[in-house]
Structures are given as structure tokens and as C-alpha cells.
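Peer 1: With the UniProt record's numbering applied, the sequence shown covers 1 to 376.
Pasting a structure here, questions to come.
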Amino acid sequence: MVGGGEGAYIGGIHRYASRLDDQYELVAGAFDISAEKGRAFAGSVGVASNRAYGSYLELIEGERARADKVDIVSICTPNHTHFPIAKALIEAGFDIICEKPMTTTLEDAVSLHQLARSSGCFVGVTYTYSGYPLVHEARALVAQGVIGTVRVVQVEYPLEWMATAIEAAGNTQAEWRTDPKRSGRGGSIGDIGTHAYHLAAFVSGLKLDALCADLATFVPGRSLDDNAHVMLRYEGGARGLLWSSQVAVGHSNGLRLRITGDKGSLAWAQEQPNELLHTPLGRAPATIKRGRDDVSDAARVRTRTPPGHPEGYIEAFANLYGGFAEAIRARLDNRQVGPLGRDIPVAYDGLKGVAFVDAVVDSFERGSVWVKPEFV
């Protein structure tokens with residue numbers, strides 16, 4: 001692991017998720033920009049001192065020389081560091097798992113995607129919410145035509161945690177997220193809007209044709225948006241709306257998706273992830289519950305516990321880790337990828353996310369005009 005040391009929320013999530021199915025063992029890391037702090041932290045997560053490195057470059061040099069070198073490296077650092085770290089690791093022959101957004105610039109995202117393809121290295125991107133079983137069930141139902149031709153896609157991701165200037169009070173997580181040099185061109189749209197965009201595209205199966213964005217910065221002193229409204233036009237005629245906000249008081253983690261077709265609709269909310277609402281045209285709504293025998297194989301393979309035993313965020317994250325492991329093992333064994341390793345977010349999904357953020361900011365800066373993302 002690179003990054004994810006003391007005080008880094010996402011590093012702990014990666015470690016929990018990697019252990020859940022006994023597919024990974026954390027054996028090496030460069031956990032902090034401070035070599036001393038990183039080495040001290042390594043012992044607390046069971047990493048031996050001789051594999052606790054002062055930087056990602058030291059990690060590459062040290063692991064490459066070992067007969068038992070690491071198989072894959074998780075990148076759990078702020079956005080602006082993703083590209084140089086990922087590039088160096090891939091060039092050294094390591095598979096990687098990278099936090100989103102994959103890079104802060106479209107140029108770097110294109111370069112990293114091309115490097116992944118030419119090297120053959122695996123690049124997984126942690127669009128976490130595509131790991132939920134009922135998100136895969138919704139995707140399967142749309143693909144089967146259960147709700148007919150998709151007409152409208154509505155997705156929102158509101159949070160309240162940055163409703164005040166907590167970055168000025170010393171909150172380090174908010175501090176780098178509001179700095180364009182470290183976060184990139186997008187604020188809320190880059191931090192959580194990319195999750196919403198990926199979820200909508202993943203479930204609907206639609207490709208974005210054009211978007212029109214209105215960004216706002218409500219908290220004085222910020223340089224990046226903390227609220228975004230985006231109108232979406234999809235290929236084939238469907239329409240969509242996306243709202244992302246870091247200042248929406250009353251919302252803890254309100255990711256929600258609604259897809260409406262000409263024969264019915266589907267609705268799913270991340271805070272109640274074990275239920276999917278299906279409303280057929282002219283008939284009573286039905287609630288599909290995670291763990292039932294009649295769900296799709298894609299949902300079943302990502303379910304661990306019986307009905308009535310809730311599964312949530314850590315399990316969804318672990319499904320991504322399980323899928324990444326399956327994809328890599330299939331490559332090493334020269335066999336077909338099993339169900340868990342299919343439909344996982346990889347380098348091109350990361351590229352699409354960065355292209356989306358770029359198009360949103362371009363649209364707003366040009367006067368909220370319609371813009372076509374470069375990659376969809």
C-alpha cells in the first residue's frame with residue numbers, strides 16, 4: 001500500500017476490504033509522506049520493518065529485488081499523486097488498485113490508460129458503489145429489458161460534511177479536497193460526482209452524448225465547487241440529471257439512483273443498499289431484497305450472508321477487491337475470468353471519470369453550454 005497511513009480514512013477501508021475474503025495479505029507499504037511516520041505506522045498493521053518503506057520509489061526498488069515481491073499495490077493517496085505513483089509502479093511491472101479519480105488531468109488519465117494496455121498490468125479503480133449486489137441486480141434487470149427502453153436517469157450524491165469551512169479549522173481531508181493543486185479541476189464533482197456518474201452509467205448501460213453543468217461554491221474562500229447540477233443527454237435519446245453536493249445539510253451519504261423506462265422503473269439508495277424497488281408500469285411496486293434465490297448470478301456471487309443479515313459499504317468494497325483478485329488470477333492462469341471478476345471498474349472507467357469531470361468544468365466555464373466528454 002502507498003499512503004493510507006495514520007489518520008487516512010480510506011486506507012483503513014482498503015485494508016478491511018482486502019482481508020474480508022482472505023484473498024490478500026498486506027506485506028509491504030510506504031504509508032506516509034513522512035518516512036518516519038510511515039515506518040512507525042507499518043508495525044501497527046503488521047508490516048515487517050524491512051518492508052516498511054520511506055517512499056513509493058523505495059517500495060518499488062525494494063520489492064522488485066525480492067523473490068517474494070508484492071503482487072499488487074493499492075494507491076491510497078490524495079488525487080494529485082495518483083498519476084506519478086501509478087505510472088512508476090506500472091513501469092516497474094506491478095499491478096495496481098487506484099483510488100478515484102484516477103488522475104487530476106485528462107492528459108494523465110489517457111497516458112495511464114495507454115500505459116496499462118501496453119504493459120499488460122492490471123489497473124483497478126475503486127468505484128465502490130458498483131460493488132453492491134443489488135446494483136448488479138439493477139444492471140441485469142435493465143439489460144434484460146425488464147423496465148423497457150430507458151427514458152430518464154436521475155442520480156444524486158449529497159453530503160453535509162463540508163457545509164462549513166472545516167478545511168480552515170484544520171480538517172486535513174477537507175483541506176486537500178478544496179485545493180485545486182491537489183484535488184484537480186473539480187471539487188464535489190470530482191470527489192463524489194464521479195461516483196454518481198459511474199453508477200448511473202454502470203446500471204443504465206447508456207453512453208453519455210453531452211452534458212450541461214452549473215457549478216456553485218457556497219462556502220466563502222473555496223476555489224473549487226462544493227455543489228454541482230448537471231443535465232445529461234445520452235445516446236439514443238434518454239435524459240438524465242446528476243446532483244453532487246458536499247454542503248447538503250441533512251445528508252450523510254445520500255447516494256441515490258432512479259432509472260425510468262417505458263415499462264417500469266428501478267430505485268436504489270446507498271443508505272438502504274439491501275433493497276431495490278421495481279415498479280412495473282400499471283402494477284404495484286415490488287421490493288427486491290439482497291440474498292433472495294431469484295436474483296441474478298451477478299448479484300448472488302457478490303452476496304455473503306443470508307436474507308435479513310445486512311451487508312453494506314465494506315462488503316461492496318470487498319467485492320471490488322475480490323473481483324480484482326479474480327481478474328489477476330485468471331490472467332496468470334490463462335483462463336476465463338469468473339463471475340466476480342467481470343464488470344469491475346478498470347483503467348478505462350477511471351479515464352471516463354476524469355473525462356466527465358473535465359467536461360463538467362469546461363461546460364460551466366464556457367457559460368453552462370452543452371459539452372461532449374472526450375471519452376464515454
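Just so you know, even glycine gets a beta-carbon here, dropped at the ideal spot from N, CA and C.
Of all Cβ atoms in chain D, is any one closer than 8 Å to the Cβ of residue 108?
Peer 2: This model lacks chain D altogether, as it is built from one protein chain only.
Peer 1: Which residue comes first and which comes last in the alpha helix (DSSP H) that contains residue 57?
Peer 2: Within the sequence shown, the letter at position 57 stands for residue 57. Note, residue 57: alpha helix (DSSP H), 56-64.
Peer 1: Output the residue ranges of the alpha helix (DSSP H) runs that lie fully inside the segment 91-177 and measure 4 residues or longer, sorted by chain position.
Peer 2: You should have 106-119, 133-143, 172-177.
Peer 1: Whole angstroms is fine: what's the gap from residue 38's alpha carbon to residue 181's?
Peer 2: Taking the first residue of the sequence shown as 1, we reach residue 38 at position 38. Taking the first residue of the sequence shown as 1, we reach residue 181 at position 181. Approximately 23 Å, taken between the alpha carbons.
Peer 1: Taking residue 355 as the reference, give the member of 216, 184, 320 with the closest Cα.
Peer 2: In the sequence shown, residue 355 corresponds to position 355, counting from 1. Ranking the options by Cα distance to residue 355, first place goes to 184.
Peer 1: Determine the closest residue to residue 327 out of 346, 295, 316, with distance taken between C-alpha atoms.
Peer 2: Stepping through the sequence shown from its first residue, residue 327 is reached at position 327. Closest by alpha carbon: 346.
Peer 1: So, residue 263 versus residue 234, is the Cβ gap smaller than 8 Å?
Peer 2: For the purposes of this step, residue 263 is taken as residue 263 along the sequence shown, with counting starting at 1. For the purposes of this step, residue 234 is taken as residue 234 along the sequence shown, with counting starting at 1. Not closer than 8 Å, so no.
Peer 1: My understanding is that residue 138 touches residue 266, with C-beta atoms under 8 Å, so please give their C-beta distance in whole angstroms.
Peer 2: Within the sequence shown, the letter at position 138 stands for residue 138. Within the sequence shown, the letter at position 266 stands for residue 266. Residue 138 to residue 266, Cβ: 5 Å. Contact.
Peer 1: So is residue 227 buried or exposed if we call it buried at 16+ other beta carbons inside 10 Å?
Peer 2: Walking along the sequence shown from the start, residue 227 turns up at place 227. Residue 227 is buried by the Cβ-count criterion.
Peer 1: Can you check whether the CB of residue 163 is closer than 8 Å to the CB of residue 247?
Peer 2: Residue numbering aside, residue 247 sits at position 247 when the sequence shown is read from its first letter. Residue numbering aside, residue 163 sits at position 163 when the sequence shown is read from its first letter. Yes, these two residues count as a Cβ contact at 8 Å.
Peer 1: Going by Cα to Cα distance, which pick from 349, 371, 214 is closest to residue 100?
Peer 2: If you number the sequence shown from 1, residue 100 lands on position 100. The candidate whose alpha carbon is nearest that of residue 100 is 349.
Peer 1: State the Cα-Cα distance for the pair residue 25 and residue 363, rounded to the nearest angstrom.
Peer 2: Against the sequence shown, residue 25 aligns to sequence position 25. Against the sequence shown, residue 363 aligns to sequence position 363. Each residue's Cα considered, the two are about 44 Å apart.
Peer 1: What first and last residue would you give for the beta strand (DSSP E) that runs through residue 214?
Peer 2: In the sequence shown, counting from the first residue as 1, residue 214 sits at position 214. 208-216 is the span of the beta strand (DSSP E), which, as asked, contains residue 214.
Peer 1: In whole angstroms, what is the alpha-carbon distance linking residue 220 and residue 165?
Peer 2: What you label residue 220 is simply residue 220 of the sequence shown in a count that begins at 1. What you label residue 165 is simply residue 165 of the sequence shown in a count that begins at 1. C-alpha separation (whole angstroms): 8 Å.
Peer 1: Got a sec, what are the start and stop residues for the alpha helix (DSSP H) residue 351 sits in?
Peer 2: Within the sequence shown, numbered from 1, the residue matching residue 351 stands at position 351. Its alpha helix (DSSP H) spans residues 347-365.
Peer 1: In this structure, how does DSSP classify residue 371 when only helix, strand and coil are distinguished?
Peer 2: Within the sequence shown, the letter at position 371 stands for residue 371. Residue state, collapsed to three classes: strand.
Peer 1: Measuring alpha carbon to alpha carbon, tell me which of 357, 351, 369 ends up nearest residue 113.
Peer 2: Here the question's residue 113 lines up with position 113 in the sequence shown. Of the candidates 357, 351, 369, the one whose C-alpha sits nearest the C-alpha of residue 113 is 351.
Peer 1: Classify residue 20 as helix, strand or coil using the three-state DSSP reduction.
Peer 2: By 1-based counting over the sequence shown, the position of residue 20 is 20. Correct three-state label for residue 20: coil.
Peer 1: Please return the same chain residues whose Cβ sits closer than 8 Å to the Cβ of residue 57, not counting the five positions on each side in sequence.
Peer 2: Here residue 57 is taken as the residue at index 57 of the sequence shown, counted from 1. 88.
Peer 1: Give a yes or no on whether the C-beta atoms belonging to residue 155 and residue 257 are separated by under 8 Å.
Peer 2: Looking up residue 155 in the sequence shown gives position 155. Looking up residue 257 in the sequence shown gives position 257. Against a cut-off of 8 Å, the Cβ pair of residue 257 and residue 155 comes out as a contact.
Peer 1: In whole angstroms, what is the alpha-carbon distance linking residue 254 and residue 175?
Peer 2: Start at 1 with the first residue of the sequence shown, and residue 254 comes out as number 254. Start at 1 with the first residue of the sequence shown, and residue 175 comes out as number 175. Distance between the alpha carbons of residue 254 and residue 175: 22 Å.
Peer 1: Only counting the same chain, and skipping five residues up and downstream in sequence, which positions put a Cβ closer than 6 Å to that of residue 323?
Peer 2: On the sequence shown, position 323 is the one that residue 323 refers to. Closer than 6 Å at the Cβ level, and outside the excluded window around residue 323, lie 340, 341, 344.
Peer 1: Can you tell me which residues form a DSSP beta bridge with residue 256?
Peer 2: Numbered from its first residue, the sequence shown carries residue 256 at position 256. Its beta-bridge partners are 156, 269.
Peer 1: Look at residue 368 and residue 212 and say whether their C-beta atoms are less than 8 Å apart.
Peer 2: Reading the sequence shown from its first residue, position 368 is the one you call residue 368. Reading the sequence shown from its first residue, position 212 is the one you call residue 212. Cβ atoms of residue 368 and residue 212: closer than 8 Å.
Peer 1: Since residue 227 sits in a beta bridge, which residues does DSSP pair it with?
Peer 2: Taking the sequence shown and counting its residues from 1, one reaches residue 227 at position 227. DSSP lists 216, 245 as partners of residue 227.
Peer 1: To the nearest angstrom, how far is it from the Cα of residue 200 to the Cα of residue 50?
Peer 2: Within the sequence shown, residue 200 is the residue found at index 200, counting from 1. Within the sequence shown, residue 50 is the residue found at index 50, counting from 1. Spanning the two alpha carbons is a distance of roughly 44 Å.
Peer 1: Taking its Cβ as the centre, do 16 or more other Cβ atoms sit within 10 Å of residue 145, making it buried, or is it exposed?
Peer 2: Here residue 145 is taken as the residue at index 145 of the sequence shown, counted from 1. Under this definition residue 145 is an exposed residue.
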